[in-house]
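K.L.:
I have a structure here, written as structure tokens, and I will follow up with some questions on it.
2 protein chains.
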Amino acid sequence: MLAAREEAIIQNVNRLLAEKGFDAMTVDEVAAAVGIAKASLYKHFPSKEDLAAAAMVRVMRRAQQFLASVDPALPMLDKLKSAVRWTLQVRLAGQMPSLPSQNSSLRAALMSSRDYRDALTGIGEQLGEWIEAGQREGAVDPKLPSAAVLYTLYARACDPVVEFLKAAGQHTDEQIVDLVLSTCFDGLSAR
Amino acid sequence: MLAAREEAIIQNVNRLLAEKGFDAMTVDEVAAAVGIAKASLYKHFPSKEDLAAAAMVRVMRRAQQFLASVDPALPMLDKLKSAVRWTLQVRLAGQMPSLPSQNSSLRAALMSSRDYRDALTGIGEQLGEWIEAGQREGAVDPKLPSAAVLYTLYARACDPVVEFLKAAGQHTDEQIVDLVLSTCFDGLSAR
DNA sequence: GTCTATATTGAGATAGAC
DNA sequence: GTCTATCTCAATATAGAC
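Residue numbers (UniProt numbering), protein chains in the order written: chain Z, 1 to 191; chain A, 1 to 191.
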């Protein structure tokens, strides 16, 4: 029961974070969405930051599950593309929590969460392996530091191009995914 | 005198927006930085949103000036690269105001400002010309809608990769600029 | 653990004198 | 146009009964 309630809370936080972002999301809203009193919410999570952290851990765990399910036989480049594709699909489904890039209280709360750190390093290690293997096999640009590649992939999780293209209304979700994948891996210059 | 004071205000807003972002920046801080009382600030700008709009207009006007100064003889791709390079340099100098991507009151205030809309469309038209000319001459990927290219260039103004690389401390500012330019125009895949 | 009711405070905005 | 002092209010968080 308790776990189910907390799952309901996290699910709503996740959705609200995706819709409005951390600053615009209020704890009152979350409580109303779940259908409980705000004070009850605070029995489960001690602060708004912890709510955000729980939502982030949830989506990052799902990302890890996805990465673990990727066909190991695929070329490294395809593995990386499928990871980015998964991220973009989650975003277009309105289920990617969006946090401010600079917010010290939030960053502190995230980094003090063991679960968050573990999920983040887990994802980073998996992608890092694929990136470096991809560079060895000549598919990923070997001139780029692997960390730069990793950050560039991470950044697709909050790339405003997705919302721009969505707002423009000229493309289906699938087309948006393909466009962002193309610019990310092939660049803007003609090949 | 009045214009000079307002210039001082905008300059401080610009810096604070670059440092902390819109939500974390407080009007009290701005007043303190300028060295005037908060009430005096409100004689110049009617709201916090208007402060942000003024800062954005300022940097966008500078961007337009830069675009106008680019050598017309350059290949289109080099013109586009120099535009992105300028943006990244402004960011690394800590002078690019950062706004939340989703904030309805702020977006409304920005879009209700004639100066803002004019600057935005001016930049969009100039870059749009270069993009489409670049596609005609085969330098910019012709498979991409020109709007998608434009959005991708715009997005470099708030790409978190810049801060990630800066925080990692492994690269000079020049190297960071080159890395982001490389991933933006040439992609992550090997060529 | 859930509720109602309340405390607290940070921050945008304003009043009114000079 | 500048100041000090104040208003207002939203939003995080808590007290205390059940």
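All C-beta atoms in this analysis are idealised placements derived from N, C-alpha and C, irrespective of residue type, glycine included.
Being a predicted model, the structure only gives us computed values, none of them experimental.
Please return the same chain residues whose Cβ sits closer than 6 Å to the Cβ of P142 (chain Z), not counting the five positions on each side in sequence.
P.N.:
The count along the first sequence starts at 1 and reaches residue 142 (chain Z) at position 142. Taken in chain order, the residues that qualify are Q135.
K.L.:
Would you identify the three-state DSSP class for S182 (chain A), choosing helix, strand or coil?
P.N.:
The count along the second sequence starts at 1 and reaches residue 182 (chain A) at position 182. S182 (chain A) falls in the helix class under three-state DSSP.
K.L.:
Look at the alpha carbon of Q175 (chain A) and the alpha carbon of A157 (chain Z), and state the distance between them as a whole number of angstroms.
P.N.:
In the second sequence, counting from the first residue as 1, residue 175 (chain A) sits at position 175. In the first sequence, counting from the first residue as 1, residue 157 (chain Z) sits at position 157. Roughly 24 Å between the two C-alpha positions.
K.L.:
Could you give the distance in angstroms between the alpha-carbon of R117 (chain Z) and the alpha-carbon of Y154 (chain Z)?
P.N.:
Your numbering for residue 117 (chain Z) matches position 117 in the first sequence. Your numbering for residue 154 (chain Z) matches position 154 in the first sequence. If you take the alpha carbons of R117 (chain Z) and Y154 (chain Z), they lie about 15 Å apart.
K.L.:
Kindly indicate the opening and closing residues of the alpha helix (DSSP H) around V84 (chain Z).
P.N.:
Start at 1 with the first residue of the first sequence, and residue 84 (chain Z) comes out as number 84. Per DSSP, V84 (chain Z) belongs to the alpha helix (DSSP H) from 76-92.
K.L.:
Is the number of C-beta pairs between the region 177-190 of chain Z and the region 122-133 of chain Z that are closer than 8 Å three or more?
P.N.:
Counting Cβ pairs under 8 Å, fewer than three are found: no touch.
K.L.:
Identify every residue that forms a DSSP beta bridge with V161 (chain A).
P.N.:
The residue labelled residue 161 (chain A) in the question sits at position 161 within the second sequence. V161 (chain A) is not bridged to any residue.
K.L.:
Three Cβ pairs or more, each shorter than 8 Å: is that satisfied between the region 165-173 of chain Z and the region 103-112 of chain Z?
P.N.:
Too few Cβ pairs lie closer than 8 Å, so no.
K.L.:
Where does S47 (chain A) fall in DSSP's three states?
P.N.:
Here residue 47 (chain A) refers to the residue found at position 47 when the second sequence is read from its first residue. DSSP places S47 (chain A) in coil when its eight states are reduced to three.
K.L.:
Taking only runs that begin and end inside the region 93-128 of chain A, name each unbroken beta strand (DSSP E) of 3 or more residues, in chain order.
P.N.:
The region 93-128 of chain A contains no whole beta strand (DSSP E) run of 3 or more residues.
K.L.:
Between E163 (chain Z) and chain A, is any beta-carbon pair separated by less than 8 Å?
P.N.:
Working through the first sequence from its first residue, we reach residue 163 (chain Z) at position 163. Interface residue, yes.
K.L.:
Decide if the region 21-39 of chain Z is in contact with the region 76-90 of chain Z; the criterion is three or more beta carbon pairs, one per stretch, under 8 Å apart.
P.N.:
Touching, no.
K.L.:
Give the residues of chain Z in contact with G187 (chain A), contact being defined as C-beta atoms less than 9 Å apart.
P.N.:
Here residue 187 (chain A) refers to the residue found at position 187 when the second sequence is read from its first residue. Near G187 (chain A) (Cβ distances below 9 Å), the residues of chain Z are D141, S182, T183, C184, F185, D186, G187, L188, S189, R191.
K.L.:
Determine, for G169 (chain Z), whether the minimum Cβ-Cβ distance to residues of chain A falls below 8 Å.
P.N.:
In the first sequence, residue 169 (chain Z) corresponds to position 169, counting from 1. G169 (chain Z) does not count as touching chain A.
K.L.:
Residues of chain A with a CB under 7 Å from the CB of T152 (chain Z): which are they?
P.N.:
As a first step, residue 152 (chain Z) must be located in the first sequence, where it is residue number 152. Chain A residues near T152 (chain Z): V161, T183, L188.
K.L.:
Which residue wins for smallest C-alpha separation from L92 (chain A), given the options A:E163, A:S82, A:Q102?
P.N.:
Position 92 of the second sequence, counted from the start, is the residue given in the question as residue 92 (chain A). For the residues A:E163, A:S82, A:Q102, the minimum Cα distance to L92 (chain A) belongs to A:E163.
K.L.:
Using the rule of at least 16 other Cβ atoms within 10 Å of the residue's Cβ for burial, across every protein chain shown, is D28 (chain A) buried or exposed?
P.N.:
Sequence index remark: in the second sequence, residue 28 (chain A) carries index 28 (1-based). Classification of D28 (chain A): exposed, given that the 10 Å Cβ count is below 16.
K.L.:
Which residue comes first and which comes last in the alpha helix (DSSP H) that contains L5 (chain A)?
P.N.:
Your numbering for residue 5 (chain A) matches position 5 in the second sequence. Residue identity differs from the one stated: residue 5 (chain A) is Arg in this sequence, not Leu. First-last of the alpha helix (DSSP H) with R5 (chain A): 2-20.
K.L.:
Please state the DSSP three-state secondary structure of V30 (chain A).
P.N.:
The sequence position of residue 30 (chain A) within the second sequence is 30, counting from 1. The answer is helix: DSSP assigns V30 (chain A) an H, G or I state.
K.L.:
Beta carbons nearer than 8 Å to chain A: which residues of the region 63-88 of chain Z have them?
P.N.:
Listed by position along the chain: L77, L80.
K.L.:
Does any CB atom of chain A fall closer than 8 Å to the CB of residue 192 (chain Z)?
P.N.:
Residue coverage of chain Z in this structure runs from 1 to 191, which leaves residue 192 (chain Z) outside it and unanswerable.
K.L.:
Tell me whether V70 (chain Z) sits in a helix, a strand or coil according to DSSP, three-state version.
P.N.:
Reading the first sequence from its first residue, position 70 is the one you call residue 70 (chain Z). Residue state, collapsed to three classes: coil.
K.L.:
Based on the DSSP output, what are the partners of S189 (chain A) in its beta bridges?
P.N.:
For the purposes of this step, residue 189 (chain A) is taken as residue 189 along the second sequence, with counting starting at 1. According to DSSP, S189 (chain A) bridges with Z:V140.
K.L.:
How would you label S98 (chain Z), buried or exposed, when you count the other beta carbons within 10 angstroms and need 16 or more for buried?
P.N.:
For this step, residue 98 (chain Z) is matched to residue 98 along the first sequence. Classification of S98 (chain Z): buried, given that the 10 Å Cβ count is 16 or more.
K.L.:
Looking at the secondary structure, which residues open and close the alpha helix (DSSP H) in which T152 (chain A) lies?
P.N.:
Residue mapping note: residue 152 (chain A) aligns to position 152 of the second sequence, counting from 1. Per DSSP, T152 (chain A) belongs to the alpha helix (DSSP H) from 146-155.
K.L.:
Check this for me: beta carbons of V140 (chain A) and L188 (chain Z), under 8 Å apart or not?
P.N.:
The sequence position of residue 140 (chain A) within the second sequence is 140, counting from 1. The sequence position of residue 188 (chain Z) within the first sequence is 188, counting from 1. It is a contact, given that the beta carbons lie within the stated cut-off.
K.L.:
Give me the Cβ distance between L67 (chain A) and A55 (chain A), rounded to the nearest whole Å; I'm assuming they're in contact under 8 Å.
P.N.:
Here residue 67 (chain A) refers to the residue found at position 67 of the second sequence. Here residue 55 (chain A) refers to the residue found at position 55 of the second sequence. The Cβ separation is near 19 Å, so there is no contact.
K.L.:
Output yes if chain A places a C-beta closer than 8 Å to the C-beta of D28 (chain Z); else output no.
P.N.:
As a working note, residue 28 (chain Z) is residue 28 in the first sequence. Closer than 8 Å: no.
K.L.:
Is there a Cβ of chain A sitting closer than 8 Å to that of A93 (chain Z), yes or no?
P.N.:
Your numbering for residue 93 (chain Z) matches position 93 in the first sequence. Chain A, which has no Cβ nearer than 8 Å to the Cβ of A93 (chain Z), makes this no.
K.L.:
V170 (chain Z) by DSSP, collapsed to three states: which one?
P.N.:
Here the question's residue 170 (chain Z) lines up with position 170 in the first sequence. Reading off the sequence, residue 170 (chain Z) comes out as Gln, not Val. Coil at Q170 (chain Z), not helix or strand.
K.L.:
Grouping DSSP H, G and I as helix and E and B as strand, with all else coil, what is I36 (chain A)?
P.N.:
What you label residue 36 (chain A) is simply residue 36 of the second sequence in a count that begins at 1. It is coil, neither helix nor strand.
K.L.:
I want to see whether chain A comes within less than 8 Å of A54 (chain Z), judged by CB atoms only; does it?
P.N.:
For the purposes of this step, residue 54 (chain Z) is taken as the residue at position 54 of the first sequence. False, the Cβ-Cβ gap to chain A never drops below 8 Å.
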